[in-house]
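Structure first, then comments.
Protein chains: 2
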Amino acid sequence: MDNKRVVLASRPAGWVSEDNFRLEAAPLPKPAEGEVLVKNLWLSLDPYMRGRMSDAKSYVKGVDIGEVMVGQTVGEVVESRNERFKQGDHVLTQLGWQLFGSTKEATPVDGTRAPLSYYLGCLGMPGMTAYFGLKEIGQPKAGETLVVSAASGAVGSVVGQLAKSWGARAVGIAGGREKCDYVRRSLGFDACVDYKAGNLYRDLKEACPKGVDVLFENVGGEILDTLLRLMNPFSRIVICGLIAEYNATEPYGYKNLRSVLVNRIRMQGMIVFDWRQRYGEALKALGAMHAQGKLKYRESVLEGLENAPRGLISLLKGGNFGKQLVKLA
Amino acid sequence: MDNKRVVLASRPAGWVSEDNFRLEAAPLPKPAEGEVLVKNLWLSLDPYMRGRMSDAKSYVKGVDIGEVMVGQTVGEVVESRNERFKQGDHVLTQLGWQLFGSTKEATPVDGTRAPLSYYLGCLGMPGMTAYFGLKEIGQPKAGETLVVSAASGAVGSVVGQLAKSWGARAVGIAGGREKCDYVRRSLGFDACVDYKAGNLYRDLKEACPKGVDVLFENVGGEILDTLLRLMNPFSRIVICGLIAEYNATEPYGYKNLRSVLVNRIRMQGMIVFDWRQRYGEALKALGAMHAQGKLKYRESVLEGLENAPRGLISLLKGGNFGKQLVKLA
Chain B
1 MDNKRVVLAS RPAGWVSEDN FRLEAAPLPK PAEGEVLVKN LWLSLDPYMR GRMSDAKSYV
61 KGVDIGEVMV GQTVGEVVES RNERFKQGDH VLTQLGWQLF GSTKEATPVD GTRAPLSYYL
121 GCLGMPGMTA YFGLKEIGQP KAGETLVVSA ASGAVGSVVG QLAKSWGARA VGIAGGREKC
181 DYVRRSLGFD ACVDYKAGNL YRDLKEACPK GVDVLFENVG GEILDTLLRL MNPFSRIVIC
241 GLIAEYNATE PYGYKNLRSV LVNRIRMQGM IVFDWRQRYG EALKALGAMH AQGKLKYRES
301 VLEGLENAPR GLISLLKGGN FGKQLVKLA
Chain L
330 MDNKRVVLAS RPAGWVSEDN FRLEAAPLPK PAEGEVLVKN LWLSLDPYMR GRMSDAKSYV
390 KGVDIGEVMV GQTVGEVVES RNERFKQGDH VLTQLGWQLF GSTKEATPVD GTRAPLSYYL
450 GCLGMPGMTA YFGLKEIGQP KAGETLVVSA ASGAVGSVVG QLAKSWGARA VGIAGGREKC
510 DYVRRSLGFD ACVDYKAGNL YRDLKEACPK GVDVLFENVG GEILDTLLRL MNPFSRIVIC
570 GLIAEYNATE PYGYKNLRSV LVNRIRMQGM IVFDWRQRYG EALKALGAMH AQGKLKYRES
630 VLEGLENAPR GLISLLKGGN FGKQLVKLA
């Protein structure tokens, strides 16, 4: 068994490039007492990884140069020195961009209830992000209008379906007609606006004739600034991601913040880790929706660790269509 | 008894000028059944008035051209056709920029407990704004650091003193050394930063060595954008006013909104009218502080209705020092 890993070779200025990564051979780790040696099967690629490549202050420390890129993985236990696990068990870990890793921090996952990769998506961190952001901050009520950006993505697709299940009207924003069709037809959103069509304000206004009560923001930049003009009194904005800013060398200048005052908007930033004590609650709710066939979900799969850098770059440019994964084995 | 009033003559583009107002003679109103005829003694000048001069969408309709400028007043009942009031009673009303007015909407005020003008300031709308914004949104805890802009003003001075009384550290922002000295020495804030000194970020950082847990924002623009860089995880921002933007022809572009995500900030807009059902609670709390000599307060008084336009213009430029009032009689 040969191990391979992708490390951070240099920090990007603006857009990430493949030069920022280095694929290298690595020794097969030996599990210490209490650890399991895991063969990673699936690697999740997520927008937050862009932040970790930078050394700017953020909510967690960035990746050091030469260090393995961070990431959540689902894998199979190949050797266990932890009594909670045996060989062949499937686990969710934070082993990052590598084929094998050794860890104490593993969570069992059940591949008979849902495909293993789902625990990196609609039943994993993205799904829980949607669940807690909506339940704790967005709080859509029946009849209200919710807008979610990056609506065809791992978080956005769950946000809209959850909001619909709670009786709200769900409007998505996505890039291009194909994604918008998917959001409306397959995910069942009430409407979807193509931000690439060039009429963002007009199209959003038309899709939200009663204004916007909840905005679940994954993108930021012009999308957020435009939506500020459409928010209703006492509306809520969940700031979950600002992917439009991650690669910009200059931060976006938001011009419509006055709407927060005029409309008494509550805008709140969120990071799913803040609810880690309640992951069980979210998994139960999302698992039930999945079991009933009410949680539509789409994956975008690349094969091979060597393609992970390309996958992340594409994701940051909106090139993925559905949850971006790398199949490692 | 001759009546006079100031009406809106034209809408300002950018800064307000005296040309936007017109002083005119007016008939003495006749109170209808249920109304009182009030001789206004004090007129309050407040930043929100700038918004009413514009026809941009806001939380309430603007003043029409030719209409009396809006404003809160304290006055004396000269004729009553309402059984709740008799001649000589003091009342708080919304009669606006005029010497006499007739209204059904009057609230009795007690001039023996505090000077009548205080019901337009620390015991009035500005005091209540401070109370509800802090209690319901800012929620400073003992030991936390609160920053308030326009700290020597009617709202800001109460915000800092309330926060101190709840055990928080209070840091003010004001324009010029004289105001800053007043905020520290007379109001008892722990520190005050002079935004005109040209080192806003550095001075705020020095005044808030543990970062900022609550920002009570009355000004906006560069002050808010700078403070976004200093906010702590799970901090709160009360958006009470954005006076820096009211006269700008181009809105300010906020560049540090990413801090809302990284630090999971809760930012919320507020308008005191939303708590009108609970004014009694606020008046009780603030009245008790005043009675104990724990609510320091300063007024900036202009004499004569004809000076109200000049007073508002000065207020919008930060020229007032303490609560801006016009003494009408």
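So the sequences go chain by chain: B and L. Just so we're aligned, residue 1 is where the first sequence starts under the numbering used here, counting upward by one. Just so we're aligned, residue 330 is where the second sequence starts under the numbering used here, counting upward by one. Note that CB positions come from ideal geometry on N, CA and C, so glycine has one too.
query = In chain B, what lies closer than 9 Å to Lys584/L by C-beta?
reply = Glu250, Pro251, Tyr252, Gly253 and Tyr254
task = Please work out which residues of its chain come closer than 7 Å, Cβ to Cβ, to Ala13/B, disregarding the five sequence neighbours upstream and downstream, and give them in chain order.
result = Thr249
ask   = Tell me the DSSP bridge mates of Thr458/L?
value = Paired residues: none, contrary to the question.
query = Of all the CB atoms in chain L, is at least one closer than 8 Å to the CB of Gly269/B?
reply = yes
query = Are Arg381/L and Val397/L closer than 8 Å when you measure CB to CB?
reply = no
key: With 16 other Cβ atoms within 10 Å as the buried cut-off, status of Thr103/B   = buried
key: Pairwise C-alpha distance: Lys141/B and Ala290/L   = Residue numbering for chain L in the displayed model covers 330 to 658; residue 290/L lies beyond these limits and cannot be assessed.
Neighbour list for Val392/L in chain B, Cβ cutoff strictly below 8 Å = None at all; the shortest Cβ gap to chain B is about 16 Å.
query = Can you give the Cα-Cα distance for Gln183/B and Leu162/B, rounded to whole angstroms?
reply = Just to set this straight, residue 183/B is Val in the shown sequence, not Gln. Rounded to the nearest angstrom, the two C-alpha atoms are 13 Å apart.
query = In angstroms, rounded to a whole number, what distance separates the CA positions of Ser373/L and Gln401/L?
reply = 6 Å
ask   = Got a sec, what are the start and stop residues for the alpha helix (DSSP H) Ile552/L sits in?
value = Glu551 to Leu557
request  = From the DSSP output, read off the bridge partner residues of Glu632/L.
outcome  = Lys656/L
Under 7 Å by beta carbon: chain L residues contacting Ile239/B = Val589 and Leu590
message = Let me confirm a value: Thr226/B is counted as buried when at least 16 other C-beta atoms fall within 10 Å, else exposed. Which label applies?
response = buried
query = Which residues in the same chain as Leu452/L place their Cβ atom closer than 8 Å to its Cβ, once the five residues preceding and following it in sequence are excluded?
reply = Ala443, Leu612, Leu615, Gly616 and His619
key: Residue-level contact to chain B via CB, Arg506/L, 8 Å cutoff   = no
query = Taking buried to mean at least 16 other C-beta atoms within 10 Å of its own C-beta, is Val522/L buried or exposed?
reply = buried
ask   = Hey, is Ile594/L's beta-carbon within less than 8 Å of any beta-carbon in chain B?
value = yes
Assumed close pair Glu473/L, Ala497/L - CB separation to whole angstroms, cut-off 8 Å = 5 Å
task = Compare the Cα-Cα distances from Leu362/L to each of Lys390/L, Asn411/L and Phe563/L and report the closest residue.
result = One point to set straight first is that residue 362/L is Glu, not Leu, in the sequence displayed. When only C-alpha atoms are compared, the closest one is Asn411/L.
key: Inter-residue Cα distance where the pair is Leu475/L and Pro538/L   = 12 Å
key: As assigned by DSSP and simplified to three states, the class of Pro356/L   = coil
inquiry  = Suppose contacts are defined by Cβ-Cβ distances below 8 Å. Is Gly121/B in contact with Gly127/B by that definition?
reply    = yes
key: Residue nearest to Glu353/L in terms of C-alpha spacing, selected from Gly648/L, Gly640/L, Glu635/L and Leu645/L   = Glu635/L
query = Any Cβ of chain L within less than 8 Å of the Cβ of Asp274/B?
reply = yes
ask   = When the distance is taken between beta carbons, is Val16/B closer than 8 Å to Asn247/B?
value = yes
query = Touching or not, the region 622–632 of chain L and the region 590–608 of chain L, by the rule of three or more beta carbon pairs under 8 Å?
reply = no
query = From the beta carbon of Leu424/L, is the nearest beta carbon of chain B less than 8 Å away?
reply = no
query = Distance, Cα to Cα, Phe189/B vs Pro358/L?
reply = 57 Å
key: Near-chain L residues of the region 121–140 of chain B - C-beta to any C-beta below 9 Å   = Ile137
Cβ distance (whole Å) where Val301/B is taken to contact Leu328/B below 8 Å = About 11 Å; that fails the 8 Å criterion.
Reduced DSSP category for Gly380/L - H, G, I as helix; E, B as strand; rest coil = helix
query = Thinking C-beta only, is Gly111/B closer than 8 Å to Leu95/B?
reply = no
ask   = Name the chain B residues that come within less than 7 Å of Leu571/L, Cβ to Cβ?
value = Arg258 and Leu261
inquiry  = Using a Cβ-Cβ cutoff of less than 6 Å, which residues in the same chain neighbour Leu529/L once the five nearest sequence positions on both sides are dropped?
reply    = Thr555
message = Report the start-end ranges of each alpha helix (DSSP H) in the region 495–549 of chain L that is 4 residues or longer and not cut off at the edges.
response = 506–510 and 529–536
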